[in-house]
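These protein sequence lines map, in sequence, to chains A and B.
According to the numbering used here, the first sequence is numbered sequentially starting from 1.
According to the numbering used here, the second sequence is numbered sequentially starting from 1001.
Every residue, glycine too, gets a C-beta built ideally from N, C-alpha and C.
Taking it in order: structure first as structure tokens, then the write-up.
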Amino acid sequence: MKIENFIVLNLIKESRKNKDISSSSIIVITVIAAGIIFFISAVSIMNGYIYGLMKISFEIKSFHVDFQADQSIDYAKRTVTRFMKDDRVLFASIYRESRTLLSANGKTTGVVYFRELPEDIFIKDTGLDKTLKLVDGQKSIALNEIMLSQKTAQKLRCKVGDHIFILALGEKDKSKIKLKRLKISGLFSTGFVELDEQLAYVGTETGKTIFDDFIKYDVYIKLKDYMKSTDFVTSQMMLGITGMSTWEETNYNDLTALRFERNIIAFIVILVIFVAILNILTTIYITVLEKRQDIGILKAVGYPPDKITLIFLLNGIYLGVIGIIIGIFGGLFVMSNLNEIIKFFGDIVNFLNSISYNILSLFVNNIEKPEIIEIFSKDFYLDKIYTEISFSEIVLVSMLTLVFSIIASILPAIKAGNIKPVEVIRNG
Amino acid sequence: MDNLLVEVKLLKKDFINNAETLNILKGIDFTLTKGESVSITGESGSGKSTFLNTIGGLDNVSDGSIKIEGTEITSLDEEELTFFRNKRIGFIFQSHYLLEEFNSLENVMIPFLINNFNTKKAKEKAKYLLDIVGVSNRMSHYPSQLSGGERQRVAIARAFINDPSLILADEPTGNLDEKNSNKVLELLFSITQKEKHALIMVTHSQQIAKMTEKNYHLEAGILNLV
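Below, the structure is given as structure tokens:
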């Protein structure tokens, strides 16, 4: 292999031109690296979105384990006390919820999780407190107060201190409806606007006046290790406690949809990488044609055909490996600085817009000033792009790329091995 | 005959072109002893280079036998043949045929490295040969940075790196001017004689042909001793 390495590295380097690397090699490496960067970015962003959404969901929506106590408040409280004694449990609390219509200023919107929680919940459940970022007002759910998401408040065109009407629907008996007027104490945001819109909070005292007739108490549980939620539920079932569901069960539909989306994106990016690999095939094929004479000479001086094949196979493998390594480092760099990079490009676009406006306004009157583009504006789906790098997926796609590189190199490499030295010498 | 290096018997080579068979070599018999130098002359298209290529195992034969140091090379497969060429035969072509991506030293080293990746030894030997052919000051130069004469001298050094028993030279000075041509020939003969390599040289020039011990003429597919 040493002589093959020696020859192939000179071919890649194009040393006769005093280059560190040939132009065709640069193109192949760049395309492969770009494919890997796209893959890492796409999958990491999707993973980040899924995990980010899940983390927030653990704190404010599905929790780790949900126990439908479906009993009196005393039973629910006793259950909470028992769960809190369990070493695996980080926090547990009672809560009630229903779907509710909110109305103010002639506008109406619905929330899926209109929740009643103990008034001191933001002190006790630090996870919930951290996740619900206060945008305006205060984190208070005293009697007749409600906390809304910023997005919901925008929809209802109201602000902190305003009053809204809520129309709560019965959980099982939909004919039961409760109407109540509440004051907005604070506006929150989690970063995931779609989730924010589904939530609104009131305290226990307020809840009593709304839910008492028709909504039973539930208990939510946050574990020290969310991955052990199934084990926890199983152990409780052994004790005869039923009606528990894990975060995986609660979020099953969302998770399945998101994973499907992620896999589709990954598949599309793999197709991009496949195109990059076709580039290897073309490049090596062209190299074989260009190096026909060299191949003939090597064979004439005693270089065996299988080793000629090996040289061009190595050529493809080296280009693939270099592309993969650059792609991985490039992808990790992009992912660790994604928000800054996007902001940077946003700034460039705004700068160019501003220059264009200034130039055009010299020649055209009453031209409309361009709006500042905010990639992470408050109206956008996310307040920033969450990323989660999956090293196992990076390893998988790298291996796949390497295999593709080898496959792409085989055909031109065999062609190289079959070149007859006498034809090269005869034809010059 | 212990001293026999090359023994060719009834060598035939046909080319099929558009359903027409051209008999280039028509049953040639030829022998060469160790350390002997012979030249082959003939008109263009007479089959001189084809004859040389068949002896060197670069081209297959239509019929007949070629034995080099007792090995029947027509029965060797491609891999055995390349190994055989590497060890026993040194080629010098009309065009230098150096590898453009490698400098002079590396070009000379390559045939040595193919079956024995000892870079230190290969370097020592390549340097020695480049010194003999007078281009030791051009070791790190690439073929594109050398003159025609220098390239051919590097090609000569490459042909000798594995101490082959047989040197096959196909118009080695065909692309050179008279001055360079004389220098290259002088080198070629001095090395072959000094190291006792046998030489088969194809040439158009009667003057060059006279420099070898024997001169054969190839005409109408038949080889005759002049």
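Reduced DSSP secondary structure (H/G/I, E/B, other) of residue i
| i | result |
| --- | --- |
| A257 of chain A | helix |
| L239 of chain A | coil |
| S336 of chain A | helix |
| Y75 of chain A | helix |
| K216 of chain A | coil |
| T1054 of chain B | helix |
| T202 of chain A | Residue 202 of chain A is actually Val in this sequence, not Thr. Of the three classes helix, strand and coil, the one that applies to V202 of chain A here is strand, per DSSP. |
| G207 of chain A | helix |
| M1211 of chain B | coil |
| S1039 of chain B | strand |
| K1123 of chain B | helix |
| E1106 of chain B | helix |
| R1151 of chain B | helix |
| R426 of chain A | helix |
| D1170 of chain B | strand |
| A142 of chain A | coil |
| N1003 of chain B | coil |
| Y303 of chain A | coil |
Span separating the alpha-carbon of residue i from that of residue j
| i | j | result |
| --- | --- | --- |
| T1203 of chain B | E1178 of chain B | 14 Å |
| I1156 of chain B | K1194 of chain B | 14 Å |
| S409 of chain A | L314 of chain A | 8 Å |
| N1017 of chain B | Y1097 of chain B | 27 Å |
| H1197 of chain B | N1003 of chain B | 12 Å |
| V202 of chain A | I166 of chain A | 11 Å |
| V43 of chain A | N339 of chain A | 16 Å |
| I385 of chain A | I45 of chain A | 7 Å |
| A168 of chain A | R115 of chain A | 11 Å |
| Q236 of chain A | D225 of chain A | 16 Å |
| G302 of chain A | I1114 of chain B | 7 Å |
| S405 of chain A | I317 of chain A | 6 Å |
| P1000 of chain B | S392 of chain A | Outside the displayed span of chain B (1001 to 1226) sits residue 1000 of chain B, for which this structure offers no information. |
| G52 of chain A | S336 of chain A | 15 Å |
| A153 of chain A | V31 of chain A | 47 Å |
| V1108 of chain B | S1136 of chain B | 12 Å |
| R88 of chain A | E248 of chain A | 18 Å |
| F83 of chain A | K151 of chain A | 35 Å |
| V502 of chain A | I359 of chain A | Because chain A in this structure spans residues 1 to 428, residue 502 of chain A falls outside the shown range and cannot be described. |
| L1005 of chain B | A1019 of chain B | 37 Å |
| I394 of chain A | I280 of chain A | 20 Å |
| D160 of chain A | E368 of chain A | For the sequence presented, residue 160 of chain A should be read as Val rather than Asp. The alpha-carbon atoms of V160 of chain A and E368 of chain A are separated by roughly 34 Å. |
| I94 of chain A | P370 of chain A | 50 Å |
| I177 of chain A | F211 of chain A | 10 Å |
| D74 of chain A | L128 of chain A | 24 Å |
| S41 of chain A | D231 of chain A | 34 Å |
For residue j and residue i, believed in contact at Cβ under 8 Å, the rounded distance
| i | j | result |
| --- | --- | --- |
| M147 of chain A | G186 of chain A | 5 Å |
| T100 of chain A | L143 of chain A | The Cβ separation is near 18 Å, so there is no contact. |
| I141 of chain A | L117 of chain A | 7 Å |
| L1185 of chain B | I1208 of chain B | 6 Å |
| P412 of chain A | I284 of chain A | 4 Å |
| I311 of chain A | I7 of chain A | 5 Å |
| A34 of chain A | Y217 of chain A | Rounded, the Cβ-Cβ distance is 55 Å, inconsistent with contact. |
Any non-hydrogen atom of the ligand SAH within 7 Å of residue i CB
| i | result |
| --- | --- |
| Y357 of chain A | In the structure on display, the ligand SAH does not appear, and there are no ligands present to speak of. |
Cβ-based burial, residue i [other Cβ within 10 Å; buried from 16]
| i | result |
| --- | --- |
| V28 of chain A | buried |
| A276 of chain A | buried |
| N365 of chain A | exposed |
| D1170 of chain B | buried |
| F345 of chain A | exposed |
| K1048 of chain B | buried |
| N1182 of chain B | exposed |
| F351 of chain A | exposed |
| I407 of chain A | exposed |
| V436 of chain A | Here chain A has residues from 1 to 428 only, and residue 436 of chain A is not among them. |
| D125 of chain A | buried |
| F267 of chain A | exposed |
| K222 of chain A | buried |
| E1036 of chain B | buried |
| T1230 of chain B | Shown here, chain B extends from 1001 to 1226; a query on residue 1230 of chain B therefore has no answer. |
Inter-stretch contact (C-beta, 8 Å, three-pair minimum) for the segment 413-423 of chain A and the segment 1052-1069 of chain B: yes
Contact between the segment 254-271 of chain A and the segment 284-291 of chain A (3+ Cβ pairs under 8 Å): no
Three CB pairs or more closer than 8 Å across the segment 1149-1164 of chain B and the segment 1082-1097 of chain B: yes
contact_flag[the segment 1020-1027 of chain B, the segment 396-410 of chain A] where n(CB pairs < 8 Å) is 3 or more: no
Stretch pair the segment 297-306 of chain A + the segment 50-68 of chain A: three plus CB contacts closer than 8 Å: no
Three CB pairs or more closer than 8 Å across the segment 124-141 of chain A and the segment 174-193 of chain A: yes
Stretch-stretch touch, CB-based, cutoff 8 Å, three pairs: the segment 1064-1076 of chain B with the segment 1004-1014 of chain B: yes
The segment 1073-1081 of chain B in contact with the segment 1129-1149 of chain B per 3-pair CB rule at 8 Å: no
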